[in-house]
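Protein chains: 2
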Amino acid sequence: MNAEIIAVGSELLTPYRMDTNSLYLTEQLNQLGVEVIFKSIVGDNLRQLVAAAEHGLFRSDILIFSGGLGPTEDDLTREAVAEALGATLRRDPEILARLEQRFADRGWRMSPNNAKQADVLDGATVLPNPNGSAPGQWIAGQFDGREHIIVLLPGPPFELKGLFESEVRERLRAKVPPTHLFTRTLKVAMLGESAVDARVAPIYKRYPDVDTTILAGAGEIELHFRTRAATLDAAEARADEVAELVEDELDDAVYSRNGESLEQIVSYWLQMRNATVAVAESCTGGLLAERITSISGSSRYFLGGAVVYSNQLKTEFAGVPEEMIHRHGAVSREVAAALAEGIRYRCESTLGVGITGVAGPTGGTADKPVGLVFHAVAGDSGTEVVQRTFPGDRKRIRRFASTMALDMLRKKLM
Amino acid sequence: MNAEIIAVGSELLTPYRMDTNSLYLTEQLNQLGVEVIFKSIVGDNLRQLVAAAEHGLFRSDILIFSGGLGPTEDDLTREAVAEALGATLRRDPEILARLEQRFADRGWRMSPNNAKQADVLDGATVLPNPNGSAPGQWIAGQFDGREHIIVLLPGPPFELKGLFESEVRERLRAKVPPTHLFTRTLKVAMLGESAVDARVAPIYKRYPDVDTTILAGAGEIELHFRTRAATLDAAEARADEVAELVEDELDDAVYSRNGESLEQIVSYWLQMRNATVAVAESCTGGLLAERITSISGSSRYFLGGAVVYSNQLKTEFAGVPEEMIHRHGAVSREVAAALAEGIRYRCESTLGVGITGVAGPTGGTADKPVGLVFHAVAGDSGTEVVQRTFPGDRKRIRRFASTMALDMLRKKLM
Chain H
1154 MNAEIIAVGS ELLTPYRMDT NSLYLTEQLN QLGVEVIFKS IVGDNLRQLV
1204 AAAEHGLFRS DILIFSGGLG PTEDDLTREA VAEALGATLR RDPEILARLE
1254 QRFADRGWRM SPNNAKQADV LDGATVLPNP NGSAPGQWIA GQFDGREHII
1304 VLLPGPPFEL KGLFESEVRE RLRAKVPPTH LFTRTLKVAM LGESAVDARV
1354 APIYKRYPDV DTTILAGAGE IELHFRTRAA TLDAAEARAD EVAELVEDEL
1404 DDAVYSRNGE SLEQIVSYWL QMRNATVAVA ESCTGGLLAE RITSISGSSR
1454 YFLGGAVVYS NQLKTEFAGV PEEMIHRHGA VSREVAAALA EGIRYRCEST
1504 LGVGITGVAG PTGGTADKPV GLVFHAVAGD SGTEVVQRTF PGDRKRIRRF
1554 ASTMALDMLR KKLM
Chain G
1154 MNAEIIAVGS ELLTPYRMDT NSLYLTEQLN QLGVEVIFKS IVGDNLRQLV
1204 AAAEHGLFRS DILIFSGGLG PTEDDLTREA VAEALGATLR RDPEILARLE
1254 QRFADRGWRM SPNNAKQADV LDGATVLPNP NGSAPGQWIA GQFDGREHII
1304 VLLPGPPFEL KGLFESEVRE RLRAKVPPTH LFTRTLKVAM LGESAVDARV
1354 APIYKRYPDV DTTILAGAGE IELHFRTRAA TLDAAEARAD EVAELVEDEL
1404 DDAVYSRNGE SLEQIVSYWL QMRNATVAVA ESCTGGLLAE RITSISGSSR
1454 YFLGGAVVYS NQLKTEFAGV PEEMIHRHGA VSREVAAALA EGIRYRCEST
1504 LGVGITGVAG PTGGTADKPV GLVFHAVAGD SGTEVVQRTF PGDRKRIRRF
1554 ASTMALDMLR KKLM
């Protein structure tokens, strides 16, 4: 069975908004073994919506609509689907009563336009929406000469997700042939995309039945191995066969095999080792501290840090000798090491991290070009410094540098 | 005239990739006075692609395809459009020669599959692609009984943008009626979306010809006023008429009217006042420093800061008296003020910022719930502290708190 997703709303046809619900829905459908063959975005226009629904019935087995279920004149999904299916809409007294109650609970009187949210396609099952006023609808039957499933979901992402999980997933599972889809994700730090592909392509190409996708960010790469089989165990075993060979090849560059972020992995290892960390950042300007503290509970191992943009503060907060900055420059191997050692000493942490570099776009020289970054991790066993020159703009260079530092921490701890 | 955008590529139908080209294209088309009425995403499937093209011809005046112009078997846009238009493809000897030259320049021999990139729709203008091997195509004429413009563009964003700017924009401008579209954007900090809407709706509703859109983030709201007129001046004057009334209503909550970010505005004022700033952050964990230093040249006014997660470091780096933390708690009005004053003193900056709060999801109490944040700005004229309780998850609370601090800085400086 295949599916298509129709996102409804004129705001999704502006330069400012994207339909992101379809990524979530695609993932959910894929997990049920259903492929998404088409996505469209339609404005709040009855004629366009009816056409999109009709084309969808011709093309796909499952049609999922998101949005257009609200109370305003612009909310036309119900009307359009009714017209495309040749169905009528009936006003559901139970939904109407619940809507009125929702307003009464807040001490308000319901305005009449809200009543249209109680309109239900003839033959449809109403899907209660715990997070909003508009319920979803599910209708399965013969339309356009063959079996279809049509689902109407509200547009706000948390309403859509809540409803999909509570009302739609199991209904779909009961209807689609029992295929199981399993995805193993390996995450890799600080290797280039083409270098990774060159090393692992000879492996995954031997498994044409496994769908391999490589996605690259600044310093982080994800490898997805996706398989379909009659049982979940069989799918998992096949995906893991490839994943394990790839892991052997990439060795300790693989930091996660269950979807954890690099920040989570570093958090795990710091707690495993009962270690604490402090950071002194120059060019990353707080990004490393921000990433470490994005994890809830990070106060258990993150003591704090200093953002030492000025040379004076490098000395003041991390004890970097003025003379060293003068001799080697603020962007140097020596200063990176001194930042790491100094902040470790000042904060009395197990590990100290220092970063100094040229984030650009200005400030680069022939000797010290934009993108040059020194990263240092100091601990009991000494201080390690890594020098890299990263490509890209200011944002990307800062992201790369913070990822490098997190990865050095990980390797130090594991 | 209206347009639709058809993004081609099976990878855009996975949970991992989005069609972002359409946002850029929509903005470009809107600026030419062309409305986008439909977007779709189609896999690398000839039958689906032909159907999408046929439906598009029926629906829209302008069809823009992105992707599917590469050399592989999966690249089917040329073939599909030819079939939908009833046109033939001819192999263009000039393009073929250029392709062969591209390979020869790199010392490679062109594999035969590349030749399909030289296939051109009969009657189409070839649009040279300086950033890649596949050229674009432009075809204007009667199809399906009326005038259409069909444009094929390569999928990689930098190729698509380069080609659109060099080859497509002026060709389109010559074809569409001379409508000018102007958008004025006001950005507002730290007011709620519904509060803003309640205050400004009575204004913008008096201008039904101005298209008003309100977009809300964590602590930041954008109001877009878009108008169409025969001249750019007329459009601008009309949009600004509404925008100025809205600005009068919202007063100094409006921080930008030309698209600048809050970080850029704070940067502007710090430089205007010849002031420097230093920050001491607890719950935001470096996010405020990261946002300030995201601006190139921020070293002119940002001296540095401290991420003081542990109580010990609040004392060590920002001189907060231990006794004060003990008496009032780390999350308190007093500690926020002491952080701001202490970091200002330590860094010898014009202004000091202190943030302390409960980012959650754990750590909240009845007295000090998750979301409670104290923000302080210290300067020559004294210290201001603002207490807020923000909704949402850890990420959103941290974003809110950093925006609040930036906005306090802005108001202090302006």
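Protein sequence lines, in the order shown, are assigned to chains H and G.
Numbering-wise (the numbering used here), the first sequence opens with residue 1154 and increments by one.
Numbering-wise (the numbering used here), the second sequence opens with residue 1154 and increments by one.
Glycine residues also receive a C-beta, built at the ideal position from the N, C-alpha and C atoms.
These numbers were taken from a predicted model, which means no experiment stands behind them.
>> Once the 5 residues before and after V1203/H are set aside, which same chain residues still bring their CB inside 6 Å of it?
In response: As a working note, residue 1203/H is residue 50 in the first sequence. The answer, listed in chain order, is A1233, E1236 and A1237.
> Going along the chain, which unbroken runs of the beta strand (DSSP E) with 3 or more residues stay wholly within the stretch 1439-1519 of chain G?
Replying inline: 1455-1461 and 1504-1510
>> Suppose you measure from the CA of G1162/G to the CA of G1221/G; what does that come to, to the nearest Å?
In response: Along the second sequence, read from residue 1 onward, the residue named residue 1162/G stands at position 9. Along the second sequence, read from residue 1 onward, the residue named residue 1221/G stands at position 68. If I take the Cα positions, the gap works out to 6 Å.
>> Just to make sure I have the definition right: I need the residues of chain H whose C-beta is within less than 9 Å of the C-beta of N1183/G. Which are they?
In response: On the second sequence, position 30 is the one that residue 1183/G refers to. By Cβ distance, chain H contributes T1167 and P1168.
> If you measure from the beta carbon of H1301/G to each beta carbon in chain C, is any gap under 8 Å?
Replying inline: Included in the structure are the protein chains H and G, with no chain C among them.
>> Closer than 9 Å between beta carbons: that is the criterion. Which residues of the stretch 1478-1491 of chain G meet it against chain H?
In response: none
> What three-state label does DSSP hand R1359/G in the structure shown?
Replying inline: As a working note, residue 1359/G is residue 206 in the second sequence. Looking at R1359/G - three-state DSSP - the assignment turns out to be coil, as it is neither helix nor strand.
>> Using 8 Å for Cβ pairs, my map puts F1470/G next to A1459/H. What's the rounded Cβ distance?
In response: Here residue 1470/G refers to the residue found at position 317 when the second sequence is read from its first residue. Here residue 1459/H refers to the residue found at position 306 when the first sequence is read from its first residue. Right, the Cβ-Cβ distance comes to about 7 Å (below 8 Å), so this counts as a contact.
> Where do the N-terminal and C-terminal ends of the alpha helix (DSSP H) with W1422/H fall, by residue?
Replying inline: Counted from its first residue, the first sequence places residue 1422/H at position 269. That run of the alpha helix (DSSP H) goes L1415 to M1425.
>> Please classify E1373/G as buried or exposed, where buried requires at least 16 other C-beta atoms within 10 Å of its C-beta.
In response: Locating residue 1373/G in the second sequence gives position 220, counting from the first residue. Under this definition E1373/G is a buried residue.
> Cα separation between T1173/H and L1368/H?
Replying inline: Stepping through the first sequence from its first residue, residue 1173/H is reached at position 20. Stepping through the first sequence from its first residue, residue 1368/H is reached at position 215. Those two C-alpha atoms are separated by around 18 Å.
> At a cut of 8 Å, does the stretch 1177-1187 of chain H reach the stretch 1260-1272 of chain H through at least three beta carbon pairs?
Replying inline: no
> Between L1441/H, H1479/H, R1326/H and S1435/H, which lies nearest to G1513/H when the distance is taken from Cα to Cα?
Replying inline: On the first sequence, position 360 is the one that residue 1513/H refers to. Among L1441/H, H1479/H, R1326/H and S1435/H, the Cα nearest to that of G1513/H is on S1435/H.
>> I need the DSSP call for S1219/G, collapsed to helix, strand or coil.
In response: Along the second sequence, read from residue 1 onward, the residue named residue 1219/G stands at position 66. Here S1219/G sits in strand by DSSP.
> Who are the neighbours of Q1201/H on chain G, taking C-beta pairs under 9 Å?
Replying inline: Locating residue 1201/H in the first sequence gives position 48, where the first residue counts as 1. The answer, in chain order, is I1190, F1191 and R1212.
> Excluding the five sequence neighbours on either side, which residues of its own chain have a C-beta within less than 8 Å of the C-beta of G1294/G, listed in chain order?
Replying inline: Position 141 of the second sequence holds residue 1294/G. G1276, E1300 and H1301, listed in sequence order.
> How would you call M1567/H, buried or exposed, if buried means at least 16 neighbouring beta carbons within 10 angstroms?
Replying inline: Taking the first residue of the first sequence as 1, we reach residue 1567/H at position 414. With fewer than 16 Cβ atoms within 10 Å of its Cβ, M1567/H is classed as exposed.
> Can you tell me the Cα-Cα spacing of V1488/G and N1284/H, whole angstroms?
Replying inline: Translated into the one-based positions of the second sequence, residue 1488/G becomes position 335. Translated into the one-based positions of the first sequence, residue 1284/H becomes position 131. C-alpha separation (whole angstroms): 38 Å.
> Okay, do the stretch 1554-1563 of chain G and the stretch 1340-1351 of chain G touch, 3+ Cβ pairs below 8 Å being the bar?
Replying inline: yes
> Hey, is the stretch 1398-1417 of chain G in contact with the stretch 1470-1479 of chain G, meaning 3+ C-beta pairs nearer than 8 Å?
Replying inline: no
>> Please tell me whether I1508/G and H1528/G are closer than 8 Å, where the distance is taken between their beta carbons.
In response: Along the second sequence, read from residue 1 onward, the residue named residue 1508/G stands at position 355. Along the second sequence, read from residue 1 onward, the residue named residue 1528/G stands at position 375. Contact flag set, yes.
>> Buried or exposed, going by whether 16 or more other CB atoms sit within 10 Å of the CB of E1443/G?
In response: The residue you call residue 1443/G lines up with position 290 of the second sequence. That one is buried.
> When you compare only the Cα positions, how much space is there between V1349/H and M1263/G?
Replying inline: Start at 1 with the first residue of the first sequence, and residue 1349/H comes out as number 196. Start at 1 with the first residue of the second sequence, and residue 1263/G comes out as number 110. Each residue's alpha carbon lies about 25 Å from the other.
> Which residue's Cα is closest to the Cα of I1550/G: T1225/G, V1506/G, D1386/G and L1441/G?
Replying inline: Translated into the one-based positions of the second sequence, residue 1550/G becomes position 397. The residue with the shortest Cα to Cα distance from I1550/G is L1441/G.
> Would a check of beta-carbon distances place S1463/H closer than 8 Å to chain G?
Replying inline: As a first step, residue 1463/H must be located in the first sequence, where it is residue number 310. It does; some Cβ of chain G falls within 8 Å.
> What did DSSP end up calling G1289/H once you bin it into helix, strand or coil?
Replying inline: Against the first sequence, residue 1289/H aligns to sequence position 136. Correct three-state label for G1289/H: strand.
> Excluding sequence positions up to five away, which residues of its chain have a Cβ less than 8 Å from the Cβ of A1392/G?
Replying inline: Within the second sequence, residue 1392/G is the residue found at index 239, counting from 1. Only F1335, T1336, R1337, V1363, F1378, R1379 and T1380 meet the Cβ criterion.
>> For a test of the three-state rule: what should DSSP assign to S1163/G, helix, strand or coil?
In response: On the second sequence, residue 1163/G is found 10 positions in, with the first residue counted as 1. Helix at S1163/G.
> For N1155/G, which residues does DSSP report across the bridge?
Replying inline: As a first step, residue 1155/G must be located in the second sequence, where it is residue number 2. According to DSSP, which records beta bridges pairwise, N1155/G is partnered with E1188/G.
> For E1282/H, does the count of other Cβ atoms within 10 angstroms reach 16, so buried, or fall short, so exposed?
Replying inline: Locating residue 1282/H in the first sequence gives position 129, where the first residue counts as 1. Just to set this straight, residue 1282/H is Asn in the shown sequence, not Glu. Result: buried.
> Applying a beta-carbon distance threshold of less than 9 Å, which residues of chain H neighbour S1219/G?
Replying inline: Along the second sequence, read from residue 1 onward, the residue named residue 1219/G stands at position 66. By Cβ distance, chain H contributes nothing, its closest Cβ being about 14 Å from S1219/G, past 9 Å.
>> Whole angstroms are fine: how far does the CA of P1309/H sit from the CA of I1215/H?
In response: For the purposes of this step, residue 1215/H is taken as residue 62 along the first sequence, with counting starting at 1. For the purposes of this step, residue 1309/H is taken as residue 156 along the first sequence, with counting starting at 1. Their backbone Cα atoms lie some 21 Å apart in a straight line.
> Just by C-beta distance, which residues in the stretch 1511-1543 of chain H are closer than 9 Å to chain G?
Replying inline: A1512, G1513, P1514, T1515 and G1516
> Which same chain residues, not among the five before or five after T1536/G, have their C-beta less than 8 Å away from its C-beta?
Replying inline: As a working note, residue 1536/G is residue 383 in the second sequence. Cβ within range, chain order: A1490, A1493, E1494, A1529 and V1530.
> Across which residues does DSSP place V1430/H in a beta bridge pair?
Replying inline: Within the first sequence, residue 1430/H is the residue found at index 277, counting from 1. Beta-bridge pairing links V1430/H to F1455/H and L1504/H.
>> Restricting to Cα atoms, I'd like to know which of V1304/G, F1296/G and G1412/G is closest to Q1290/G.
In response: What you label residue 1290/G is simply residue 137 of the second sequence in a count that begins at 1. Closest by alpha carbon: V1304/G.
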